[in-house]
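In the numbering used here, the protein residues as written are 105 to 256.
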Ligand code: SF4
Ligand code: SF4
């Protein structure tokens, strides 16, 4: 990927994003939702579980780290993240641990690969109806989302 996405500044006027709770970013083909030990501890606490119990019920090991497990979606079309809640609000798909979701989820859709170009942003938006609607997220805020953060 040539150059730094942020240096291109095609999104210097900011971008709009407002999650519709459709859940499409939490389902689909097999994927990875990585989390750190600190994030795992917070999710476990949120669910009222001990850490070991949380790992055994909701996590799988990948490349020396951890990812959230996936379960078949109700229509058999793909896999849901184990934290996806399709029951609580009809027509919505919510995250059971939303305030404590991992950074990977927290930073969507402001991922470098989506910000690489307007085309990449539009392409990602085909699966995420929250992109290009709702609140304006300023350039500075987007840059902050993109900054690497220490793993707690
Ligand atoms: S795909 Fe986009 S709009 Fe739908 S739940 Fe994920 S972030 Fe929200
Ligand atoms: S942790 Fe929550 S936000 Fe992240 S993929 Fe799972 S359901 Fe979606």
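All C-beta atoms in this analysis are idealised placements derived from N, C-alpha and C, irrespective of residue type, glycine included.
Since the model is a prediction, treat every value here as computed from it, not as a measurement.
Report task. Drop a sphere of 10 angstroms on the beta-carbon of residue 117, count the other beta-carbons inside from all chains shown, and report buried for 16 or more, exposed for fewer. Result -> For residue 117, the number of other beta carbons within 10 angstroms of its own is below 16, and it is reported as exposed.
Query raised in the report: Which ranges does the beta strand (DSSP E) cover as unbroken runs of at least 3 residues, wholly within the region 187 to 248, from first to last along the chain?
Result: You should have 235 to 241.
Query - Segments assigned beta strand (DSSP E), at least 3 residues, entirely inside the region 147 to 171 - result: Taking only runs of at least 3 residues, the beta strand (DSSP E) segments lying wholly in the region 147 to 171 are 163 to 166.
Query raised in the report: Can you name the residues that DSSP bridges to residue 131?
Result: Bridge partners of residue 131: 184.
Query raised in the report: Heavy atom of ligand 2 less than 8 Å from the Cβ of residue 191, yes or no?
Result: No, the Cβ of residue 191 stays beyond 8 Å of every heavy atom of ligand 2.
Query raised in the report: What's the gap between the Cα of residue 183 and the Cα of residue 149?
Result: Approximately 24 Å between the Cα atoms of the pair.
Requested in this report: May I ask you to check if the CB of residue 211 is nearer than 8 Å to at least one heavy atom of ligand 2?
Outcome: Not one heavy atom of ligand 2 lies closer than 8 Å to the C-beta of residue 211.
Query raised in the report: Between the region 169 to 178 and the region 235 to 251, do three or more beta carbon pairs fall short of 8 Å?
Result: No: the two stretches stay apart, fewer than three of their Cβ pairs being nearer than 8 Å.
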